[in-house]
Structures are given as structure tokens and as C-alpha cells.
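Enquirer: Have a look at the structure that comes next, please.
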DNA sequence: CAGTTATGTGACATTCACGTGACACCTTGC
DNA sequence: GCAAGGTGTCACGTGAATGTCACATAACTG
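Residue numbers (the numbering used here), protein chains in the order written: chain A, 1 to 236; chain B, 237 to 472.
Structural data, given as C-alpha cells:
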């Protein structure tokens, strides 16, 4: 794997320096920006893999940049970790609501930061793939946002599509409701865990409409959550 | 999720007491050791989820224990947070090099310690993956939460799964009912000891359904408890 | 061998987790 | 403005999982 590019956005040179050191030790390539303008330029010019974004910045706070990134299609998927000196709960909540993938409060252990970065990068890379996913006769077309079963289109809502997408990218593994909320809905929302059940049901229903056998792909793991298991699919 | 076990290693009783209080308020179960010897015994006996390790200890400094833990396969993944009164950069670097997951300098706010612990534990639990335990034809798949025996899935309840998981992680060793309750059910529950017998039976039954030979893996140690013994498995 | 203690086992009540239909709210498009 | 579909939440029903008991059986004791 080639070295990942990390953009550090912070107005304090000492912090940038510290991060640069920590990052380069861990084989990341490091870009630096002291303000929002420079940050935005580097993002479009250099397309980094992840952004470490300080909360307080001259010329507009970090959250403004975050908002802007999440609004534009091209940068929507770009992972962002917020760095904040404040411990106010508010900031965290606000940051996550706008779409930060994680936050970390200063002072932090570099090792922890690196660990979280890796986790997020791993997650991001595991979910990007070809333009379609396939299990037996079931085909999920990512670009056209359609699901085909034996040449026939299945009808389902956006949430069910995302859910199926996630499951097909991570087969044979049980996920808790909390994990699914985190990965499918996003870390920034608060919904009841039982809501997952309802969407699982809707997804099963949609699959069943195509072929009853395929509804069994989604198994419930009692006491834990759900699992997508192509392994147990009866061979046609 | 059941309460995590924290091992506090410090020679000063007052500090241990303080930490115990802070930890128990946050729903951790607390083990204490005053020296390296005791610490090592508790680690092998009780397998805590994380260790808080003082730098200066009688009978060998904390870093020696750390080195030992990181050298041995069984304890390599065990997260360790170093506690140190010294502020010398040296210590920090040395500690992290040997493999401490974080460090914190005295005096520290209990709240911060707890926060860092949680962060590390969260990371640890999300990174365990691709793992499975195997004994002969018996395979316990951790992340798919399934048990396979000769390619066939075994049916069992969550408790039996946890029980088997524990046994397969700690083979060839007899555990009392009290210990099993503690490790499998969790610390703060009150159930009759005989309940263990019933679940042992259910687990044996599940194994037997797959292959009668495998039920003998779980042996009763009269007057003591039970033991999981792959050693005695008849080779097919 | 009888007496005593420890473990195996089936049955049962209760609790708990999950499936499911209904519904109110919010978008979105016309 | 309204209609249509998507979404989150709730209430209810059902079946699985759990803990406990009573009794059977096996293992030690003297």
C-alpha cells in the first residue's frame, strides 16, 4: 500500500511540527495548512486521504471548513478528524453532527491519534470497491444505486440500500445494532437501536420479494445483532 | 457489555485505593497488585482487560514487567497504561517504545485516566478481528459468532457461546463454578453456582449434536469445577 | 456396604430479545 | 397546497434463553 497523505490544519506551527514528526514516523505523508484557505487549496490540489482539523482557526473556524467539505460532492467522503482543546460536550456533538468522523481533544497521545486515523482509513478503504457487489444472483450496482436479483430490480429505500451495501462489503460477520448505526447511519446521529430492526425487516422484505431464499442471507444473531451470510445460501 | 477488568499495579496503597474508587464509579472491576510478582500472577489468573502500571516498583521496575508482557505471546495484546511521577521525556519515550499504549503522569485527574482507558479499550475491542479459535475440527469463529464442527454449524445460546469461548481461550485448566460465573457471566451478577452445571450440560449437548467425541472436551473435575481439555481428544 | 456428598438431567416459570404492524412526522416533487 | 414515499418510534405478540428446582445418578467416605 502506498503511503497515505494526511493534511494537518492548525495555526500553531509547533503543533503542526509535532504532528508531522509523529506522522512521518508512522509512514504517512504530511501536508500542512495554517488556515482555511490554504487547507481548501491543498484538499483540491493534493487530494489527501484524511484531514486533521483544528477547531479554532483564524479566518473562519474549523467547523466552517468541515461544513463546506461535507456539502460538496467531491469532498463528502473525505474523512475528517477534529482536534479540539475544548472539552465542552457541545463542540463534540456539533462536530459530529456536521459529519466529522472522529474527534480528539488536546492534549492527546500521538499513538492514539495514529490508531484512530488507521481505523478510519481502514474503514474507508474497505468500503470502496468496484462499481458493483455480487452474491449469487444478487447484484448491488453502486453507481446506478440499484439492486438486481435474477435480472429483476428490487425496490428499497436509501437506508436499506446503504444497509445492504454495508452488509455485502462485510459478509460473514455479526454486527451489533450500535455498530450498524455507526457504520450505516453515521456516527453523527442519534436513533434508537431498535430502529435497526425495522430497517432489517424492510430489507428482508425487499429481498424476499425477489426470491424468498435470499431473505435468509440476513441472519439474526440472538443477543448480538445481525449477520450477512452468503455462505449459508442454498446453491441454486 | 460486561464490566471490564482493570489491574492496578502500584506499591502505594493510597494510590491503589484512590484508583479503585475512581474505577468502580465508572463500572470497572478493579484488581490490585503491589509488586510485579503479584501483578504477573493476577494477569495469568484473571486475565484483566487492561493494566495500569506504575513506573517505580519494588522488586523490579514497572518497565520490566511491561517488557516481559510484550515478549510473551499470550499477553502481547494486553493494553498497558504507564503511570509515572517523573516528567522526564525519556521515560515516556522508553515506555512507548517497549509497547505501552499510553502513559499518564502523576498527579492526574481520574477523569482523564478513565477517558484514556476507554479510548484504548474501544480501540482494542474493535481491532480484534479475523480471529478464530480451533481445536481439532471444532472452530469458534469470533466475529461471525458461530461455532463450526466439521463444517457444520452448531446451535447454542449466547451463554454457551461465551462459555465455550472462555474455555477455548483457557484450555487445560480447571475452573471453579465461582470463577466461571465471574468470567463468563460477569462480575456483578448473582446466580446460583449450580446454574453453571446446567449451562455446561447445554454446551455438552450442543457439542454432542455435532460429534459425540467432542462432548468429552469438557471434563468435570470433582470437588473443583470443570476443565476444557483438547489434550484428551481422541484423534480421528 | 450404608451413608454422604457432588454432579447429571429433565422440567418449568420467568424474563428477555426479536419480529411485526401501525402511525406520526418529515421530505420531496408536483 | 397536496400527495407520495421514506423514516423513526412505539406497542404488542411470540418464541427463545435463562435461572432455578427436584430428583436421579454417580463418586467418595468410613
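By construction, the Cβ of each residue, glycine as well, lies at the ideal position given by its N, Cα and C atoms. Note that the coordinates shown come from a computational prediction; the quantities given were computed from them, not determined experimentally.
Given a limit of 7 Å on CB to CB distance, which residues of the stretch 204-230 of chain A reach chain B?
Expert: 221, 222, 223, 224, 227
Enquirer: Could you check if residue 89/A is buried or exposed, using at least 16 other CB atoms within 10 Å of its CB as the buried criterion?
Expert: Counted from its first residue, the first chain places residue 89/A at position 89. The predicted model places residue 89/A with a pLDDT of 49, which falls under 50 and marks its position as unreliable; any figure quoted below should be read in that light. Counting Cβ neighbours within 10 Å, residue 89/A comes out exposed, since fewer than 16 surround it.
Enquirer: Taking buried to mean at least 16 other C-beta atoms within 10 Å of its own C-beta, is residue 344/B buried or exposed?
Expert: Walking along the second chain from the start, residue 344/B turns up at place 108. By the 10 Å Cβ count, residue 344/B comes out exposed.
Enquirer: Between residue 397/B and residue 375/B, which are expected to be in contact by the criterion C-beta below 8 Å, what is the C-beta distance as a whole number of angstroms?
Expert: Taking the second chain and counting its residues from 1, the one referred to as residue 397/B is at position 161. Taking the second chain and counting its residues from 1, the one referred to as residue 375/B is at position 139. At roughly 13 Å, the Cβ-Cβ gap does not stay under 8 Å, so residue 397/B and residue 375/B are not in contact.
Enquirer: Comparing alpha-carbon positions, which option in 380/B, 433/B, 368/B, 442/B lies nearest residue 458/B?
Expert: The count along the second chain starts at 1 and reaches residue 458/B at position 222. Measuring from the Cα of residue 458/B, the nearest candidate turns out to be 433/B.
Enquirer: What do you get for residue 273/B, buried or exposed, if any count of 16 or more other CB atoms within 10 angstroms of its CB means buried?
Expert: Position 37 of the second chain, counted from the first residue, corresponds to residue 273/B. By the neighbour-count criterion, in which 16 or more other beta carbons inside 10 Å mark a residue as buried, residue 273/B falls on the exposed side.
Enquirer: What is the C-beta distance between residue 392/B and residue 438/B, in whole angstroms, given that I count them as a contact (C-beta under 8 Å)?
Expert: Taking the first residue of the second chain as position 1, residue 392/B is located at position 156. Taking the first residue of the second chain as position 1, residue 438/B is located at position 202. With 8 Å as the limit, residue 392/B and residue 438/B qualify as a contact, their Cβ atoms being about 7 Å apart.
Enquirer: Could you name the residues of the stretch 151-175 of chain A whose beta carbon sits closer than 8 Å to any beta carbon of chain B, in the order they occur along the chain?
Expert: 172, 173, 174
Enquirer: Residues of chain B with a CB under 7 Å from the CB of residue 109/A: which are they?
Expert: The residue you call residue 109/A lines up with position 109 of the first chain. Ordered by position in chain B, the residues that pass the 7 Å Cβ test against residue 109/A are 338.
Enquirer: If contacts are defined as beta-carbon pairs under 8 Å, then residue 215/A and residue 154/A qualify, I think. What distance do you get, rounded to the angstrom?
Expert: Against the first chain, residue 215/A aligns to sequence position 215. Against the first chain, residue 154/A aligns to sequence position 154. At roughly 11 Å, the Cβ-Cβ gap does not stay under 8 Å, so residue 215/A and residue 154/A are not in contact.
Enquirer: Quick check on DSSP: helix, strand or coil for residue 340/B?
Expert: Your numbering for residue 340/B matches position 104 in the second chain. Three-state DSSP puts residue 340/B in a strand.
Enquirer: Suppose the cutoff is 8 Å on Cβ atoms and the five residues either side in sequence are ignored; what does the same chain contact list for residue 386/B look like?
Expert: For the purposes of this step, residue 386/B is taken as residue 150 along the second chain, with counting starting at 1. Excluding residues within five positions, the ones whose Cβ falls inside 8 Å are 373, 446, 447.
Enquirer: Would residue 8/A and residue 52/A qualify as a contact pair, given that the criterion is a beta-carbon distance under 7 Å?
Expert: Locating residue 8/A in the first chain gives position 8, where the first residue counts as 1. Locating residue 52/A in the first chain gives position 52, where the first residue counts as 1. Yes, these two residues count as a Cβ contact at 7 Å.
Enquirer: Would you check if there are 3 or more beta carbon pairs closer than 8 Å linking the stretch 105-124 of chain A to the stretch 17-26 of chain A?
Expert: yes
Enquirer: What residues of chain B sit near residue 112/A, judged by a beta carbon separation below 9 Å?
Expert: Within the first chain, the letter at position 112 stands for residue 112/A. Here the neighbours are 337, 338, 352, 355, 356, 359.
Enquirer: Rounded to whole angstroms, what's the CA-CA distance from residue 247/A to residue 166/A? Just pull it up for me.
Expert: The requested residue 247/A does not occur in the structure, where chain A is confined to residues 1 to 236.
Enquirer: Taking 7 Å as the threshold (beta carbon to beta carbon), is residue 419/B in contact with chain A?
Expert: Counted from its first residue, the second chain places residue 419/B at position 183. It does not; no Cβ of chain A falls within 7 Å.
Enquirer: Would you check if the distance between the CB atom of residue 423/B and the CB atom of residue 269/B is smaller than 7 Å?
Expert: As a first step, residue 423/B is located in the second chain; it is residue number 187 there, counting from the start. As a first step, residue 269/B is located in the second chain; it is residue number 33 there, counting from the start. In terms of Cβ geometry, residue 423/B and residue 269/B do not form a close pair [threshold 7 Å].
Enquirer: Smallest Cα separation from residue 231/A: which of 225/A, 224/A, 217/A?
Expert: If you number the first chain from 1, residue 231/A lands on position 231. When each option's Cα is compared against that of residue 231/A, the closest is 217/A.
Enquirer: For residue 158/A, tell me which candidate among 48/A, 184/A, 66/A has the shortest Cα-Cα distance.
Expert: For this step, residue 158/A is matched to residue 158 along the first chain. Nearest of 48/A, 184/A, 66/A to residue 158/A, Cα basis: 184/A.
Enquirer: When you compare the CB of residue 133/A with every CB in chain B, is at least one pair closer than 7 Å?
Expert: Position 133 of the first chain, counted from the first residue, corresponds to residue 133/A. Chain B contact via Cβ: absent.
Enquirer: If you run the structure through DSSP and keep just helix, strand and coil, what is residue 120/A?
Expert: Sequence index remark: in the first chain, residue 120/A carries index 120 (1-based). DSSP places residue 120/A in helix when its eight states are reduced to three.
Enquirer: Mind checking whether residue 290/B and residue 267/B have CB atoms under 7 Å apart?
Expert: Here the question's residue 290/B lines up with position 54 in the second chain. Here the question's residue 267/B lines up with position 31 in the second chain. No.
Enquirer: Quick one: what's got a C-beta closer than 8 Å to residue 104/A's C-beta in the same chain, skipping five residues either side?
Expert: Counting from one through the first chain, the residue named residue 104/A turns up at place 104. Excluding positions up to five away in sequence, the list reads 81, 82, 83, 84, 112, 113, 116.
Enquirer: Looking only at its chain, what residues have a beta carbon closer than 8 Å to the beta carbon of residue 191/A, apart from the 5 residues adjacent to it on each side?
Expert: Walking along the first chain from the start, residue 191/A turns up at place 191. So the list reads 181, 185, once near-sequence residues are dropped.
Enquirer: Determine, using beta carbons only, whether residue 262/B comes closer than 7 Å to chain A.
Expert: By one-based count along the second chain, residue 262/B stands at place 26. Answer no: the Cβ-Cβ gap between residue 262/B and chain A never drops below 7 Å.
Enquirer: For residue 151/A, does the three-state DSSP call read helix, strand or coil?
Expert: By one-based count along the first chain, residue 151/A stands at place 151. If DSSP states are grouped into helix, strand and coil, residue 151/A belongs with coil.
Enquirer: Around the Cβ of residue 371/B, are there at least 16 other Cβ atoms within 10 angstroms (buried) or fewer (exposed)?
Expert: The residue given as residue 371/B occupies position 135 in the second chain. With 16 or more Cβ atoms within 10 Å of its Cβ, residue 371/B is classed as buried.
Enquirer: Return no unless some Cβ of chain A is closer than 7 Å to the Cβ of residue 271/B.
Expert: Here the question's residue 271/B lines up with position 35 in the second chain. With 7 Å as the cut-off, residue 271/B does not count as an interface residue toward chain A.
Enquirer: When the cut-off is 7 Å and only beta carbons count, does residue 285/B lie next to chain A?
Expert: Here residue 285/B corresponds to residue number 49 of the second chain, with the count starting at 1. So no, residue 285/B is outside the interface.
Enquirer: Go to residue 38/A, then tell me how far its alpha helix (DSSP H) extends in each direction, as first and last residue.
Expert: As a position in the first chain, residue 38/A is number 38, starting the count at 1. Counting along the chain, the alpha helix (DSSP H) containing residue 38/A begins and ends at 36-46.
Enquirer: At a Cβ cut of 9 Å, what residues of the stretch 290-323 of chain B count as close to chain A, listed as they run along the chain?
Expert: Per Cβ criterion, the list is empty.
Enquirer: Nearest to residue 440/B by CA position, among 425/B, 313/B, 399/B, is which residue?
Expert: As a first step, residue 440/B must be located in the second chain, where it is residue number 204. Of the candidates 425/B, 313/B, 399/B, the one whose C-alpha sits nearest the C-alpha of residue 440/B is 399/B.
Enquirer: Can you give the Cα-Cα distance for residue 317/A and residue 175/A, rounded to whole angstroms?
Expert: Only positions 1 to 236 of chain A appear in this structure, which leaves residue 317/A out of reach.
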